[in-house]
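Participant: Just so we're aligned, residue 785 is where the sequence shown starts under the working numbering, counting upward by one. Heads up, the beta-carbon is just placed ideally off N, CA and C, and yes, glycines get one too. Got a structure for you, written out below as C-alpha cells; questions coming shortly.
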Amino acid sequence: MSVYETDKILADYLLMHFGTHEQRMPWGLGRLSAIDFPNVTASYFSNNRVDLTLDLGCSVGGSAFHLSKSSKKVIAIDLSKKFIDAANVLKEKEKMTFEYQEEGEVMTTTEVTIPNGVDTSKISFAVGDVLNLPDGFKGFDRVHAANLICRLPDPVKLLDRLGSLLKKDGELVLATPFSWLEEYTPKDKWPQGDSWDWLQKHLSDEFVCLEHNDEIFTIREHARKFQLGVSKVSLWRKK
Ligand SMILES: C[S@@+](CC[C@H](N)C(=O)[O-])C[C@H]1O[C@@H](n2cnc3c(N)ncnc32)[C@H](O)[C@@H]1O
C-alpha cells in the first residue's frame, strides 16, 4: 500500500493543512509554529481573480480551499483515494474529526474545519495521476503543484506537460524540497547536478520565472517528532 493511503499519514496531513499552530508544532520554536505551508504556496499567485485553477497533488485539500477564494473554479487532483475522500468530507461538511498520534498507541481526537470564507461548491476533488492527466486538461489560469515533483516516478514528464495546461500569461506555482528518494523516483530520473538549475532549464522555454524563495514546512509525526523541510517555491508566467 502506498504510504499516502495510510491512516497515519492522513492524520499527519490533516494536521499540516488544517491543524492549529499548537497542534502542528507545540514546542514554541518561534516562527515554525506559525507555518501554514498550504496557504503560503497558494499566496504566491498574483492578487487577480481568475476563472480556472488546477491543484496537482492536492493531498487533503488545504491549498485548494485557499485557491478557491480567488478562482471561480478549482480542480484538485491527488493519487491517494484516502486523501481525496478526506478532502471531499471537508468539502461536504466543512469539518472533519480524526485521531492523531501522541506517542505509541496514545491518540488525541480532534476536529478540524476549512478556512473561513470558502465557497466549497467551486472546488472539485478527484483521484487522478498527474502523469496521466486527461488530454482535455488545458486553458487553466493557474496551476499549483506543492511538494509533488520529488514524489513522482518521472518528474520531467510532468514538467513537460505544465505548459500545455496553462493559458498564455497563466501562472504556475511550483514548490519542491528536491527531496529525491529512490522509493519514489528512480535514480536515473533524478536531476544531474543542482536541482534548481535543472528545474529552470526544463521550464524556461515555456515560462518566465517571476519570483522564487525558500519556505519552511513542518509535518508533525508524533508529539516529539517533526519533519522540518525547506521547499523552493517559485512563481512562473506562461510565455
Ligand atoms: C508530499 S505530499 C504534498 C501534498 C500537498 N501538496 C502539500 O504540499 O502538503 C505529495 C502528494 O502528491 C501525491 N501524489 C504522488 N504522486 C502522485 C501522482 N502521480 N499523481 C497525483 N498525485 C500524486 C501524494 O498522494 C501526496 O498527496
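1) Examine the Cβ distances between the stretch 882-902 and the stretch 917-924 and report whether three or more of them are shorter than 8 Å.
2) For Y968, which residues from the same chain have a beta carbon less than 6 Å from its beta carbon, with the 5 sequence-adjacent residues on both sides left out?
3) According to DSSP, what are the bridge partners of T892?
4) Does ligand 1 have even one heavy atom less than 6 Å from the beta-carbon of F867?
5) So, helix, strand or coil for W982, using DSSP?
6) Determine, using beta-carbon pairs with one atom in the stretch 940-955 and one in the stretch 1003-1018, whether at least three such pairs fall under 8 Å.
7) Figure out for me which residue from L1019, L1012, V824 has the closest Cα to the Cα of Q984.
8) Quick check: what's the CA-CA separation for D989 versus N872?
9) Which ranges does the beta strand (DSSP E) cover as unbroken runs of at least 3 residues, wholly within the stretch 844-928, from first to last along the chain?
10) Just to confirm my understanding: we take R1021, look at its own chain, exclude 5 residues before and 5 after, and list those with CB closer than 7 Å. What are they?
11) Rounded to the nearest angstrom, how far is the Cβ of V813 from that of A870, given a contact under 8 Å?
12) R1008 lies in the beta strand (DSSP E); which residues open and close that run?
13) For L915, tell me which candidate among D938, K906, T904 has the shortest Cα-Cα distance.
14) Can you tell me which of the three DSSP states S988 falls into?
15) Closer than 8 Å by C-beta to M891: which residues in its own chain qualify, once you throw out the five before and the five after it? Chain order, please.
16) On the DSSP bridge list, what partners appear for K941?
17) For K973, which three-state DSSP category applies?
18) Do you know whose CA, among K866, D839, M785, L1012, lies nearest M809's CA?
19) Taking Cβ to Cβ, would you say K1016 is nearer than 7 Å to T960?
20) Between K951 and R833, what straight-line distance do the alpha-carbon atoms span, to the nearest angstrom?
21) On the DSSP bridge assignment, give the partners of F1001 in chain order.
22) Whole angstroms are fine: how far does the CA of G912 sit from the CA of F867?
23) Any idea if M785 is buried or exposed, counting beta-carbon neighbours within 10 angstroms, 16 or more meaning buried?
24) For the beta strand (DSSP E) containing T837, list its first residue and its last residue.
Facilitator: Per the coordinate set shown:
1) no
2) R935
3) Y884
4) yes
5) helix
6) no
7) L1019
8) 37 Å
9) 855-862, 879-887, 890-897, 907-911
10) D953, E955, F991, V992, L994
11) First, the residue type needs correcting, since residue 813 is Leu and not Val in the sequence shown. Incorrect: roughly 27 Å between the Cβ atoms, too far for contact.
12) That residue, R1008, is in no beta strand (DSSP E); it is neither H nor E in DSSP.
13) D938
14) coil
15) E883, Y884, Q885
16) DSSP output for K941 lists no bridge partner at all.
17) helix
18) L1012
19) yes
20) 15 Å
21) G1013
22) 11 Å
23) exposed
24) 834-840
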